[in-house]
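Notes follow once the structure below has been shown.
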Amino acid sequence: MTKFEALGLKQSLLNAISDLGFESPSEVQEKAIPILLESETDLVALAQTGTGKTAAFGFPLIQKIDSESRTTQGLILSPTRELCLQITNELTLYSKYEKGVNVVAIYGGASITDQARQIKRGAQIVVATPGRMKDMIGRGLVDISKIDYCILDEADEMLNMGFMEDIKDILSNTPKEKSTWLFSATMPREVSVIAKKFMHSPQEITVGTKNSGATTVQHEYYVVGGRDRYPALKRLADTNPDIFSVIFCRTKRDTQKVAEKLIEDGYNAGALHGDLSQNQRDLVMNSFRKKQIQMLVATDVAARGIDVDDITHVINYQLPDEIETYTHRSGRTGRAGKSGISMVIVTKSELRKIKAIENKIQQAFISKKIPTGMEICEIQLYHLANKIKDTKINEEVDNYLPAINDVLQGIDREELIKKIISVEFTRFFNYYNKTKDLSTSDSGDRGERGRSRDGDSRIPADGNVRYFINVGEKDGYDWMTLKDFLRDTVNLGKDDVFKVDVKDSFSFFNTDASATEAILKTFTEFKVDGRFVNVEVSKNPGGGGGGGGRGRRDRSRSGGGSYSRDNDRNKGRRRDRSDSKGGSSSSSGKRRTKRKSDSY
Ligand code: ADP
Ligand code: MG
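According to UniProt numbering, the sequence shown is numbered sequentially starting from 1.
Next up, the structure:
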């Protein structure tokens, strides 16, 4: 007897399982399937993404429904259209040997009448996104008043995306006498609220370690003058060359305006808001999914459906009116077991809002400084060097090498490196050289708090050393794991390493000056997996810089209005491209002269 047979599934389902090539049940399947088959019970199942939750509820559901009846008996709510389709496909495969089982997907962005027609033909199982489901209930196109099973899949994600009210609404249209199965990767407070309110003494199973949810997101705030929001945003982007982010504005107008400015300045940006047609929004979302857009500027409402997993940064260009909204925003990052950073650009007068949010999310913010121009230059310099290192050689250049060698004759290696780097770097340097510091000093009590948390503002600039280390996201680090690595390797205390900013193939961090000797000594001839790990004291000791997001490789993108020369998507948008120097700095130069109008 295989392990699947021991769970109590009927033969036709076991045959389907064998066709799928599943050899043995995953842990969540092994725990959930017998419980769901044997009893009519509510269930809360916590298991990470990719652990096989669909089959854990899918097989019992199919076994339990009556395929002879055409009444809708099972409702599965899931956060996104992609997931709906995925679940529907899976369930169709599971039920391939069952006669008359119909599974129908209901989701936004597709014809509601087509979906209604499919339901009308008889669907025992409906898989739906909350928004479209509510819509269809409202129009009387679907009847869920007789369901026996309601499954909330990826419950934490649904709530993160702001579907709480929709879910409550939908559940109020279902009978009291039913079983509710809730599946979630994490158990944040909002999920427990749903469980308490809508479930009756649910059985609980947990696979792996329980994850409270919010801990993978680091929250940071940056105090700036009211007129400096936009230049601050640019600097945050320039400090994170591999950023893949959603930027939240309060109004459609600001959303459009910020996106337009970013595009004008050479960034791969796009706008998402309600004044765009569905078609326009689909186009923007497709580009974002493909990472052709690195900075998606969005309103809260429009961002609700964003279902992209590896967003590195959420940037609050303006804080929302409702604190609740902040949690939805920051929940766009740090998904699927990855870490993420939520940044807030605030003015001094808004600082009390940060406190209110801290109370609500039960997590402290880290106060950070908008990086100075020279810090950005340093980061861009390393980024560029790594980009050159990682560039795949195009064999086509061989044909031209003799001629090129002639041109470059007499230039030695060192000089050549300097020249190559300068080709791109000079533009950044010219833009940021002598720009003013954008950071407005924090109010006193905030400084106090930062001190106790991450140690961020705990040490005055003179006692604070910033380091460069040649490992980053590519080596599997994020800000949490690099911090751990440094603390363990150098044997430092819990709060001794701070301001950890992980870039694609390198990182920065700070310590107190008293730790410098130990660090530099540890990392002399230090190898990991046969590779030298090298630490150097950074030229910019301040290190206020942006967050340590997880980087993305090989995405050409523009920094301070440059970099995008090799980027076809920006062709035509950029003026004066033919003159490499003048051209690429044109937007930077323009920014400089237009500086005063940068603000909102
Ligand atoms: P989750 O919902 O927990 O994120 P899924 O249900 O989407 O995970 O399953 C993740 C992948 O694992 C799917 O491709 C699925 O087909 C596969 N899978 C599920 N159960 C098994 C199993 N018992 N053996 C092998 N593969 C499985
Ligand atoms: Mg799933």
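Ideal Cβ placement from N, Cα and C applies to all residues, glycine included.
Computed from a predicted structure; not experimentally measured.
Looking only at DSSP bridge pairs, what is residue i linked to?
{"i": "Val-127", "result": "Ile-76, Ala-105"}
{"i": "Glu-536", "result": "Phe-468"}
{"i": "Lys-368", "result": "Tyr-222"}
{"i": "Asp-512", "result": "Asn-464"}
{"i": "Met-374", "result": "In DSSP, Met-374 forms no bridge with anything."}
{"i": "Cys-150", "result": "Leu-75, Thr-180"}
{"i": "Leu-46", "result": "Ser-184, Thr-206"}
{"i": "Phe-526", "result": "Val-533"}
{"i": "Leu-272", "result": "Ala-298"}
{"i": "Phe-498", "result": "Asn-510"}
May I have the straight-line CA-CA distance separating residue i from residue j, to the nearest angstrom?
{"i": "Thr-216", "j": "Trp-479", "result": "10 angstroms"}
{"i": "Thr-180", "j": "Gln-29", "result": "17 angstroms"}
{"i": "Lys-290", "j": "Glu-220", "result": "27 angstroms"}
{"i": "Ile-323", "j": "Gly-270", "result": "25 angstroms"}
{"i": "Phe-248", "j": "Asn-316", "result": "5 angstroms"}
{"i": "Asn-540", "j": "Ile-379", "result": "10 angstroms"}
{"i": "Lys-234", "j": "Leu-262", "result": "8 angstroms"}
{"i": "Val-308", "j": "Arg-132", "result": "19 angstroms"}
{"i": "Thr-251", "j": "Asp-238", "result": "24 angstroms"}
{"i": "Ala-45", "j": "Lys-53", "result": "9 angstroms"}
{"i": "Lys-338", "j": "Ile-357", "result": "22 angstroms"}
{"i": "Asp-456", "j": "Ile-366", "result": "Note that Asp-456 scores 37 on pLDDT, short of 50, meaning its location in the model is unreliable; the coordinates nonetheless yield the value given after this. Each residue's alpha carbon lies about 7 angstroms from the other."}
{"i": "Leu-283", "j": "Arg-487", "result": "45 angstroms"}
{"i": "Gly-50", "j": "Tyr-400", "result": "49 angstroms"}
{"i": "Ala-232", "j": "Leu-381", "result": "20 angstroms"}
{"i": "Asn-433", "j": "Ile-376", "result": "10 angstroms"}
{"i": "Ser-342", "j": "Gln-218", "result": "6 angstroms"}
{"i": "Val-535", "j": "Asp-437", "result": "27 angstroms"}
{"i": "Gly-387", "j": "Asp-412", "result": "Here residue 387 is Lys; the residue named in the question, Gly, does not match the sequence. Their Cα atoms are separated by approximately 21 angstroms."}
{"i": "Glu-414", "j": "Ile-421", "result": "11 angstroms"}
{"i": "Asp-166", "j": "Asn-491", "result": "50 angstroms"}
{"i": "Ile-469", "j": "Thr-489", "result": "13 angstroms"}
{"i": "Ala-55", "j": "Leu-14", "result": "12 angstroms"}
{"i": "Arg-229", "j": "Val-502", "result": "24 angstroms"}
{"i": "Lys-418", "j": "Gly-410", "result": "14 angstroms"}
{"i": "Ile-243", "j": "Ile-306", "result": "17 angstroms"}
Between residue i and the rest of its own chain, which residues show a CB-CB distance below 8 angstroms, the 5 nearest in sequence each way excluded?
{"i": "Asp-512", "result": "Ile-459, Gly-463, Asn-464, Val-465, Asp-496"}
Output needed for residue i: all residues of its chain with C-beta closer than 6 angstroms, excluding positions within five of it in sequence on either side, in chain order.
{"i": "Gly-100", "result": "Ser-67"}
{"i": "Met-161", "result": "Pro-79, Arg-304"}
{"i": "Gln-115", "result": "Ile-106"}
{"i": "Pro-60", "result": "Ile-33, Leu-36, Leu-37"}
{"i": "Phe-526", "result": "Val-533"}
{"i": "Gly-225", "result": "Thr-440"}
{"i": "Ile-125", "result": "Gly-74, Val-103"}
{"i": "Lys-353", "result": "Leu-319"}
{"i": "Val-397", "result": "none"}
Below 7 angstroms CB to CB, which residues in the same chain sit around residue i once its five sequence neighbours on both sides are set aside?
{"i": "Glu-98", "result": "Ser-12, Ile-62, Ser-67"}
{"i": "Ser-78", "result": "Cys-84, Ile-87, Val-127, Thr-129, Asp-153, Glu-154"}
{"i": "Ala-214", "result": "Since pLDDT at Ala-214 reaches only 41, below the 50 mark, its modelled position is unreliable, and the value read off the structure follows with that caveat. Once the five neighbours on either side are set aside, the close Cβ partners of Ala-214 are Pro-188, Ile-361, Gln-363."}
{"i": "Phe-429", "result": "Cys-377"}
{"i": "Gly-122", "result": "Arg-70, Asn-102"}
On the premise that residue j lies in contact with residue i, defined as a C-beta separation below 8 angstroms, what is that separation, rounded to the nearest angstrom?
{"i": "Asp-42", "j": "Ser-201", "result": "7 angstroms"}
{"i": "Thr-333", "j": "Thr-312", "result": "7 angstroms"}
{"i": "residue 641", "j": "Phe-57", "result": "The structure shown has nothing for residue 641, since the chain only spans 1 to 600."}
{"i": "Lys-499", "j": "Phe-506", "result": "About 15 angstroms separates the two Cβ atoms, so there is no contact after all."}
{"i": "Ala-47", "j": "Gly-274", "result": "Incorrect: roughly 36 angstroms between the Cβ atoms, too far for contact."}
{"i": "Ile-205", "j": "Lys-31", "result": "5 angstroms"}
>> Across the segment 89-97 and the segment 141-151, are there enough close Cβ pairs to call them in contact, namely three or more that are closer than 8 angstroms?
In response: no
> Would you call the segment 508-521 and the segment 255-262 in contact, with 3 or more CB pairs under 8 angstroms?
Replying inline: no
> Is the segment 195-205 touching the segment 163-180 in the sense that three or more CB pairs, one from each, lie closer than 8 angstroms?
Replying inline: yes
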